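Under the numbering used here, the first residue of the sequence shown is numbered 4, with each subsequent residue one higher. Below: one structure, written as structure tokens.
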Amino acid sequence: MRRIPKARTGVAVVAMLAATAACSGGGGSDDARKPADDDHAAIHVDHPVALADQDVKVRIGGLGAHDRVTVAAQAVDRSGQPWRASGRFTADAQGRIDLDRQAPRGGRPYTKADSTGLLGAMLPTAGRGVRMIGSGDAFSYHPPSPAEKRAYGLRLTVTKHGKQLADRSITRQWLTKTVRHRKLTVAKNRIDGEMYTPPPGKHRRAPVLVFGGSEGGNSGEYAAALLAARGHPALSLCYFRCGKGSGRPNAINMIDTGYFLRAARVLGKEPGADPRRLAVMGNSRGSEIAQLLGQRHPSVVRDVIAYAPSEVVNGPYLAGPSGRAAWAEHGRPIPAGPIRLDHVRGTVLAIAGGNDKMWGSAQAARTIAAQHNSSGRSHQQIAYPKAGHHVNWFPYGQPGQEGGANGAVTATAGSDQEARKDSWARVLKLLDDGV
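Right, here's the structure in full:
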């Protein structure tokens, strides 16, 4: 049996800055506030209010020729813990800096030119999180649930010799104004989850059932919210560790496929959903049940997105000596072992990092892609050689740290960001095209 990945530790949760703009659809470019002195530097952002998975271009103007300055991004987490990333940049002869074209001097905190590099490079600067930097434990921040806050805020600053020359805030949205949210509970709905529904469009869209892995809880809610903002009805489902009084177990032990199928049917009835195109999106341990659903229930599930996947069913997790099997069907345990994918109606898209220290997800992705669906078409895999285990979901955020299989503690953070950027576009294409 393959090694079961340990649960993520030290998860820090980042909250909005004191006040974010009310969530609106787009957000055009505008100038930052300028200092009340003769420096006249300004930060220009093409989309100061944008979806959290949308790229933003950041430029700085009004500096002196070849000025050397520090550009920083910062936010504050739910417990008041500050997070920050900063890089040193040199202005051109016209006093301009374009983060999309310039990498920080010295390759820190990221190595390649990237307009959103600072957003993904933030680390805690005070509190418990600081002690985890360099520990080898994976951690990242999660802004408040989209059910609580539709957006979160970040602050950008430019300083020279310790003097602030410019600052501005940007708003990263999970939801647009027209997306509706409702909470589903075991007591009322027989499932625990967060439903995000966009207004119906001209055509029905593929609905997406999203769930996480061994971390438990409802970690897929950010991705579900963004999918809804992109027009896909989405349900983020919690299947274990859902909180006191949730009615859900605290271990991956005999979790029945029927629970997920019930959620899929609820989702498929949402306005604007095309139930014939329903997809499931599972991360890490969740990739196992995602594949099982596609294989065993092709009439309900068409496509499967498997992040950091396993190609086998592993044993129970956190169940102790009484554990029987991770997954079940009609109350009967599903045996550990290889997962066949020949009955899948659509496509299994496996997304993995080649420097995954949790388990061999890149090899698993290759094994998945070597199989064929019910129509004889090959499944797909995308592997990012330098990325680690946390390649899942949306780009332009999720700062944190993970040690790679090569033993370097911060080996994968930048590569994980690049993997999310590339793979998210492919996931959206699969949902829209089905190929």
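Quick reminder that beta carbons are idealized off the backbone N, C-alpha and C, glycines included. A quick note: this is a predicted structure, and the numbers were derived from the prediction, not measured.
Beta carbon of residue i, beta carbon of residue j: below 9 Å?
{"i": "N286", "j": "N395", "result": "yes"}
{"i": "N376", "j": "H346", "result": "yes"}
{"i": "S143", "j": "P402", "result": "yes"}
{"i": "F243", "j": "R233", "result": "no"}
{"i": "K186", "j": "A150", "result": "yes"}
{"i": "R108", "j": "G90", "result": "yes"}
{"i": "R280", "j": "R171", "result": "no"}
{"i": "V182", "j": "A228", "result": "yes"}
{"i": "F397", "j": "A55", "result": "yes"}
{"i": "E224", "j": "S148", "result": "yes"}
{"i": "A137", "j": "V412", "result": "Per the sequence shown, residue 137 should be read as Gly rather than Ala. Their beta carbons are under 9 Å apart, which means G137 touches V412 by this criterion."}
What residue range is occupied by the uninterrupted beta strand (DSSP E) comprising residue i?
{"i": "I194", "result": "Counting along the chain, I194 falls outside any beta strand (DSSP E), and DSSP gives it neither H nor E."}
{"i": "A75", "result": "71-80"}
{"i": "M135", "result": "M135 -> not in any beta strand (DSSP E); alpha helix (DSSP H) instead, spanning 131-135."}
{"i": "K166", "result": "166-176"}
{"i": "T119", "result": "Run containing T119: none; DSSP gives neither H nor E here."}
{"i": "G156", "result": "154-163"}
{"i": "G356", "result": "351-356"}
{"i": "R87", "result": "85-93"}
{"i": "S239", "result": "237-241"}
{"i": "D306", "result": "306-310"}
{"i": "L212", "result": "211-214"}
{"i": "V59", "result": "Counting along the chain, V59 falls outside any beta strand (DSSP E), and DSSP gives it neither H nor E."}
{"i": "L187", "result": "183-187"}
Please list the terminal residues of the continuous alpha helix (DSSP H) segment that includes residue i.
{"i": "G271", "result": "260-271"}
{"i": "E224", "result": "224-232"}
{"i": "K432", "result": "416-436"}
{"i": "I371", "result": "364-372"}
{"i": "S290", "result": "288-299"}
Short of 7 Å in beta carbon distance, which residues of its chain neighbour residue i, apart from the five on each side in sequence? Order them along the chain.
{"i": "H422", "result": "With the sequence shown as reference, residue 422 is identified as Ala, and His is not the correct amino acid for it. Cβ within range, chain order: G356, Y387, A390, V394."}
{"i": "Q105", "result": "F92, A116"}
{"i": "A428", "result": "none"}
{"i": "C26", "result": "Legend: pLDDT at C26 = 37, less than 50; position of this residue unreliable, value from coordinates given subsequently. Excluding residues within five positions, the ones whose Cβ falls inside 7 Å are R153, A154, Q176, L178, T179, K180."}
{"i": "D58", "result": "S118, T119, Y399"}
Might you give, ordered along the chain, the residues of its own chain that have their beta carbon closer than 6 Å to the beta carbon of residue i, omitting 5 neighbours on each side?
{"i": "I308", "result": "M284, L352, V430"}
{"i": "K432", "result": "none"}
{"i": "T370", "result": "E314"}
{"i": "V61", "result": "V48, L102, S118"}
{"i": "Q77", "result": "R87, R158"}
{"i": "I354", "result": "Y310, I385, V394, S426"}
{"i": "S32", "result": "Per-residue confidence for S32 stands at a pLDDT of 47, beneath the threshold of 50, marking its modelled position as unreliable; the derived number appears in the next sentence. Hits under 6 Å: D49."}
{"i": "F263", "result": "L296"}
Pull up the CB-CB distance for residue i and residue j, whole angstroms please, since I reckon it's below 8 Å.
{"i": "H47", "j": "G67", "result": "Not really, about 17 Å apart at Cβ, beyond 8 Å."}
{"i": "L434", "j": "A282", "result": "6 Å"}
{"i": "G123", "j": "G406", "result": "So it is not a contact: roughly 17 Å between Cβ atoms."}
{"i": "A237", "j": "Y199", "result": "5 Å"}
{"i": "P203", "j": "P274", "result": "5 Å"}
{"i": "D195", "j": "S249", "result": "5 Å"}
{"i": "V161", "j": "V72", "result": "5 Å"}
{"i": "H392", "j": "S364", "result": "7 Å"}
Cutting at 8 Å between CB atoms, please list the residues of its own chain near residue i, excluding the five before and the five after it.
{"i": "A331", "result": "M257, I258, D259, T260, I337"}
{"i": "G220", "result": "C241, R244, C245, G246"}
{"i": "A96", "result": "A68, H69"}
{"i": "K272", "result": "P278"}
{"i": "R299", "result": "T260, E332, H346"}
{"i": "N358", "result": "P388, K389, A390, G391, G407, A408, N409, A414, T415, S418"}
Closer than 8 Å is the cut-off here; do at least three beta carbon pairs connect the stretch 79-99 with the stretch 116-131?
yes
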